[in-house]
Structures are given as C-alpha cells and as structure tokens.
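Chemist:
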Amino acid sequence: MRQVLAAGLMALAWLLPAPVLAQVNCPDENTICGTIDSFSVKPLPLAAPIFVAENPGAADLAQQLTDLVVADLGGSGLFRHLDPAGYIGQITNFDAPVRFTDWSPISDESLALLTGSVATTSDGRVVVKFRLWDVELQRELGAGQQFAGPVGTWRRMAHKVSDQVYSRLTGEAGYFDSRIVFVSETGPKSDRKKRIAVMDQDGARVTYLTDDSTLVLAPRWSPDDRNVIYTSYASGQPEVRVLDVQTLETRAFGNIGQVAFAPRFSPDGQRVVLSLNEGANTDIYVIDIASGQRQRLTSSPAIETAPSFSPDGSQIVFESDRSGSQQLYVMPATGGEGTRISFGNGKYGTPVWSPRGDLIAFTKINAGRFHIGVMRTDGSNERLLTASFLDEAPSWAPNGRVLTFFRETAGEGGAPSLWTVDITGRNLKRLPTPSFASDPGWSGLLP
Amino acid sequence: MRLSHILLLGVVLLASACSRGEDAGGLFGGSGGSLDDNFGPGGAGSVLGPDGRPLNPASPAYFAQVIGDRVLFPVDQHQLTAEARTTLDGQSTWLLQNPGGQITIEGHADEQGTRDYNIALSNRRAAAVRDYLVAKGLPDARLSIIPFGKERPLEVCSNESCYQKNRRAVTVVTGFPGA
C-alpha cells in the first residue's frame, strides 16, 4: 500500500523510488494491500473491464457478472470503480499478457485491475475465471481462479469472485456470498403480517420460508446455515421453532412448555441459548439439543434476555435491567452473575458478539433516539455508528466488518427497512426488499 | 312509475307525522310508554352494543365496554397504578360473578424499546394483572398470559398520546354463554 498519509510526506514520496508505507496486514510489502480501515477512508481505485465472453452465448452473462462484481466491490465502500469510459486498454483475451502501460495512466495512485472471462456450455453450465493485478508493480495478486456451476448460480459465482478480490486486497475474508434471513412485513402498523424470508446479502433472490398466518420474530441461522431458529406465536404464545431452509419444515424446539423467545445457536451448533418466562420473571437458559437437557444461566428477578455466544462458545453477552435499566453483561457460558460492560448514558440491548470475537454490537436508546453501536468485549471504546427514530437489532456480516440492522420510521405510516453500515460508521446503505422488513440475521460465508 | 312516486311520498309524510312526539310504534314499550324495564342498574339505562341492542351484562362485550378490559402503565413500568387497581377490582368482581370462561391477559408495550425487552416487559405487565386477580380470589388455572411486546400497537402515532394507550394489559374473556 503506497498511499501517503500526510500531505507533508507527499513531496518526499515523489522523490523516492516506490516508497512503501508498512501496513500491518501486508503479507508482502511489495503488493497492493491496505487495511479495511485505510480503504474505508480512501477507497482503492479498481479497474474492472467487462469479463471476456469466451463464446457468443456468454456475452450477456459476462456483462451481468461484471456488473455484479463491480456492484459488490464498489458497494463495500472500500473500492472506487473507475469508469470504463476512461479505459485506454481493452481485455479481449483472458489468457493474453496484460499491457500494463495501457492501465497505469488511468490512475495516479495504486490501481487494482480485475480481468475475467465467462464461458457457457450448451448443457447450461458456466465457467467464470478471474485474475487480479497490481498495475503499478505489474504483477499478479494471487493466482488466477475459476468457478464453475449451473447457469442459475451465476450470481453466487460473481459474489465468489468479489469475495476473492476483497480478501486479496484487504487481507480479510469477504462477505458477498452470504444470505440474510429476515422478517418480511406487510399491512397497517396496527395489524402487521409477518413472515420469514431469505435473500442474498445484496437483496437479490428473495424467497419466503413461512406464510403470514402467524406472528414470527427474529430468525437466526444455525452455524451450518441450514436451519433458522426463531420465535413464533403459532401456538398462541411465544415459542421457539426451528425451520429447515431446504425443506421448509418447521418444528417446535425443545419441548419447553412455557413462553420462550430470543433463541440463538451456540457456535458449535450443539446448544441453543434463549429466554424463558416464569411468572413475571425472564431468565436465560441453555438447552443441549441432543439431550434436551435444560440449564438455567441467570437467576435474578430482573429481565435477562437477548443472549449471544462469543465465537469460541465460552462466554455469553446478554442484557439485563437488574441495575434499574437495560444494560449489557458478559457471563461464562455455564452461567453466573456476569460482569456489566455498558456504562454510557441511556439503555443498551440486543448485544451480538462479532464472529471475529473482538467487538460486541448493540442497540442503544438514549434521549429518545436509537443507535447501533459497537464496543470492545470489555465495554471499552464504545462507538455509535447510526442514529435515528428507531434503529435496532444489529447482526454481523460473516467477516465481522459490516452490520445489518433494521430502521423503523415514526408515525402512522412508520415502517421498518433493512440497512447495512461498516463498523467504521461509514457506508450506511439501505438494502432493497420487496416490502417492509425487520430483524435481519446474516449467515456465514456460503461454502 | 309516476304512481309509485306518489305512493312513496305519502308514506314519507305519514312517517314524519308519527314522529312528532308520539310513540306510535311502541319503541319504548307497548303499554302507554312505560320505561321501567329499561332503566338498568342504578337507573343508568342499558349499555348498547355496536349493533344498537342492549348488552347482556354477562357477556364479554359488557366486560370489555362497561367493566373495562384494560389497564395502562407508565413508561417502562409494570407496577399497577391506583386507577389500574380500581379497574381490576371491577374485573375481579365481574369475573367471580361470571365463572366458567377462560381469561387471557395480553401484555403490550409501546414502540420505544427493543423487541426482546418489550416481550419481557409486557410479560411483567400481564403477570402483574394476573397476580392481582389471583389475590382477589380468581383461580390461577382460569388465567393465562400472553406477552405481545410491541407487536400489536392499538394506536399508531409516535408520541405519548398513542404510547400511553399502547402500554396496556388487556383482560380477554372467552367461552361464556353470553359470548
């Protein structure tokens, strides 16, 4: 990464041959590499000429695929796609050497060049190839790679390419080939119909997993992304159900026999942590899936809910109003008093532990406004990323660098929609959905 | 055509003549305008339902409209106010006089909270009502509670005038002969 951080260094940089600013995440200091933090401040220029169609029938798909990769990478906020109208060079043969002198003039900074090809076959299959280049140093970044599959999976292939490019340039895993489960909402505010739906992380390919005959809340993925656990009013009272995303079969979870809600799987998929109501009290329990054995983890007369495991499964972050208002606590996964970690003004709820383990995202309510925020797992370094009438229920992208949440507008016509934001607080965007949407749950990266 | 118009006009004139001070149709009782069956308890008359007919005092509709089926709560609270206790005293009296039905207490919260917390908060509110009714002598087995959190707002504006009506616990009675 040869971006100069201070204006004063700029003149010096021109005088020295290829000065290099050491980056923590650089595996090799002679390649383009920044950090997500640095790219989010100053996006890396990216040239992505349309992928070469290897046969005439592949031309449309090559365009669509290139557009989608550009949408992924540009939409991340970390890369600045250069307008193809300004390109000097053309890529007409994927296997021919790149003429770097055609590309270096279009950017006076480091430039990443993505080349690709698309071939289709008569039996409905697609092969997508790509290579990534550092134009300034005239070398390839990583090895060329190809993905092959049925034509119907072309969007996933594009997301796979995007994930590879993102990962090679930032040194961290991507998140483009992933899905978001959510609650789709229709109808007036006083009589909302809710159903569980799933879509790609960019809002494409929405499918509905339940009908809207029953109130459903807060779907969350199993670690293998095959099942969704959620809260349902199918029996009249809130209960926890599990839905098989392939077969769409649902079943009551755990034979619990009392009001249950706010379920989440453990990272190993062996346990479910949730809240149970007993009388006026709400406590957190963990249920072993194989044995059905139930263990109570909290025992105060306060409201304890919204539990979320640490990625190593050893700890649980949750919310409790035992201090008199909603605050965040961390306890061992075996239960216990817990240590309070939130101390700012206002109330804190819906904590979720990052898949990277470094941060906890939460909803904060302060002075009549809602925020999505992050803090370290000890509660330090709290940062608020959003502010609105009602922002709620963050869920982590698989790489722990982006959050999705829902934002509800005020008043009679108020309705929820899904949004994403970087953990830097940049790149706040609304996700397209066919109708109102809430309670997003981000999957892991798909295999 | 013309003939039918004339006939219709005649009917209208006749009807308006009758409405001048006389109870020709016996609307208030057939024998000389006696009202004694319609004074209701305390002389307050009968409460009419939406269809314009007097409510059966043993019906869920009577419970909801006359006794009062709901109590309201301050922001982020589940303790019963003095007003709520008065309403629940009326509910318990009526429920003890009308045994046999099922009683479900639905707890609700306004939209100014997170979903999970509001389910727990609305559960506390419903449980406070149940506990009060049980203390007044209603059998526990007749009562159940459902926490709805912020899922079923009654009023949809986003200010306190609506929020205060949404922070409620509603006692729903079903399974009565008068239903």
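Protein chains in written order, with this note's numbering: chain P, 370 to 816; chain X, 11 to 189.
Heads up, the beta-carbon is just placed ideally off N, CA and C, and yes, glycines get one too.
Only a predicted model underlies this, so the values are computations on that prediction, with no experimental measurement involved.
Measure the alpha-carbon distance for VAL393(P) versus LEU728(P) and round it to whole angstroms.
Modeler: In this prediction, VAL393(P) scores a pLDDT of 42, lower than 50, which makes its location untrustworthy; the coordinate-derived value is nonetheless stated afterwards. So the alpha carbons of these two residues sit roughly 19 Å apart.
Chemist: Which residues, taken in chain order from the stretch 494-507 of chain P, show a beta carbon closer than 7 Å to some beta carbon of chain X?
Modeler: none
Chemist: With a threshold of 7 Å between beta carbons, is PHE630(P) in contact with chain X?
Modeler: yes
Chemist: Contact check, SER804(P) vs SER553(P) under 8 Å by CB: the rounded distance?
Modeler: 6 Å
Chemist: Out of curiosity, what's the CA-to-CA distance linking PRO809(P) and ARG589(P)?
Modeler: Straight-line Cα distance between these residues: approximately 8 Å.
Chemist: Name, going along the chain, the residues of the stretch 106-134 of chain X whose beta-carbon falls closer than 9 Å to a beta-carbon of chain P.
Modeler: THR114, GLU121, GLN122, GLY123, THR124, ARG125, ASP126, TYR127, ILE129, ALA130, LEU131, ASN133, ARG134
Chemist: Would you say GLN459(P) lies against chain X (beta-carbon separation less than 7 Å)?
Modeler: The C-beta of GLN459(P) comes no closer than 7 Å to any C-beta of chain X.
Chemist: For LYS558(P), return the contacting residues in chain X, with the cut-off set at a CB-CB distance below 8 Å.
Modeler: PRO163, VAL166
Chemist: At what residues does the beta strand (DSSP E) containing GLU647(P) begin and finish?
Modeler: Per DSSP, GLU647(P) belongs to the beta strand (DSSP E) from 640-647.
Chemist: Going along the stretch 634-656 of chain P in order, which residues come within less than 9 Å of chain X, judged by CB to CB distance?
Modeler: SER644, ASN646, GLY648, ALA649, ASN650, THR651
Chemist: Could you list which residues in chain P have their beta carbon closer than 9 Å to that of ALA137(X), in chain order?
Modeler: ASN646, GLY648, ALA649, ASN650
Chemist: Can you tell which of LEU666(P), GLU478(P), THR651(P) has its C-alpha closest to the C-alpha of ASP657(P)?
Modeler: LEU666(P)
Chemist: In the stretch 764-780 of chain P, which residues sit with their C-beta less than 7 Å from some C-beta in chain X, listed in chain order?
Modeler: ALA779, GLY780
Chemist: LEU584(P) and GLU165(X) - do their beta-carbons sit closer together than 7 Å?
Modeler: no
Chemist: Take GLN664(P) and list the residues in its own chain whose beta-carbon comes closer than 6 Å to its own, dropping the five residues that flank it on each side.
Modeler: VAL655
Chemist: Please determine, among PHE712(P), ASP492(P), SER486(P), the residue with the shortest C-alpha to C-alpha distance to SER499(P).
Modeler: Per the sequence shown, residue 499(P) should be read as Phe rather than Ser. Nearest of PHE712(P), ASP492(P), SER486(P) to PHE499(P), Cα basis: SER486(P).
Chemist: Mind checking VAL721(P): buried by the 16 CB within 10 Å criterion, or exposed?
Modeler: buried
Chemist: What three-state label does DSSP hand THR667(P) in the structure shown?
Modeler: Looking at THR667(P) - three-state DSSP - the assignment turns out to be coil, as it is neither helix nor strand.
Chemist: Mind listing the chain X neighbours of LEU362(P)? Cutoff is C-beta to C-beta under 7 Å, in chain order.
Modeler: In the structure as shown, chain P begins at 370 and stops at 816. Residue 362(P) is therefore absent and cannot be evaluated.
Chemist: Give the straight-line distance between the Cα atoms of GLU116(X) and THR124(X), rounded to the nearest whole angstrom.
Modeler: 18 Å
Chemist: Would you mind reading off the limits of the alpha helix (DSSP H) that contains GLN107(X)?
Modeler: 92-107
Chemist: Going by Cα to Cα distance, which pick from TYR599(P), SER409(P), ALA784(P), GLU608(P) is closest to VAL614(P)?
Modeler: TYR599(P)
Chemist: Could you check the C-alpha separation between TYR602(P) and PHE158(X) for me, to the nearest Å?
Modeler: Counting only the Cα atoms, PHE158(X) lies some 9 Å from TYR602(P).
Chemist: Between the alpha carbons of ASN108(X) and ALA68(X), how many angstroms are there, rounded?
Modeler: Straight-line measurement puts the Cα of ALA68(X) at about 7 Å from the Cα of ASN108(X).
Chemist: Pick out whichever of LEU98(X), ILE155(X), GLY185(X), ILE156(X) has its Cα sitting closest to the Cα of GLY147(X).
Modeler: LEU98(X)
Chemist: Name the DSSP beta bridge partners of LYS733(P), please?
Modeler: TYR717(P), HIS740(P)
Chemist: Could you tell me the distance, in whole angstroms, from the CA atom of PHE469(P) to the CA atom of ASP477(P)?
Modeler: Their backbone Cα atoms lie some 13 Å apart in a straight line.
Chemist: Taking C-beta pairs closer than 9 Å, name the residues in chain P that PRO149(X) reaches, listed in chain order.
Modeler: Near PRO149(X) there are no residues of chain P at all, since even the closest Cβ is about 16 Å away, more than 9 Å.
Chemist: Are there three or more Cβ pairs, one per stretch, closer than 8 Å when the stretch 434-448 of chain P is compared with the stretch 789-797 of chain P?
Modeler: yes
Chemist: What does the Cβ neighbour count give for ALA736(P), buried or exposed, with the cut at 16 atoms within 10 Å?
Modeler: exposed
Chemist: Is it buried or exposed, ARG177(X), if we count other Cβ atoms within 10 angstroms and call 16 or more buried?
Modeler: buried
Chemist: Listing by chain order, which chain P residues have their CB less than 8 Å from the CB of LEU84(X)?
Modeler: Sequence inspection shows Pro at residue 84(X); the Leu mentioned does not correspond to that position. What PRO84(X) touches in chain P: nothing, since even the nearest Cβ is about 14 Å away.
Chemist: Strictly under 7 Å for the Cβ-Cβ distance: is GLN627(P) near chain X by that measure?
Modeler: no
Chemist: Let me check one thing: in DSSP terms, what residues is LEU153(X) bridge-paired to?
Modeler: Under DSSP, LEU153(X) forms a beta bridge with ILE113(X).
Chemist: Between ILE156(X) and chain P, is any beta-carbon pair separated by less than 7 Å?
Modeler: yes
Chemist: Would the stretch 572-581 of chain P count as touching the stretch 620-627 of chain P if we require 3 or more Cβ pairs under 8 Å?
Modeler: no
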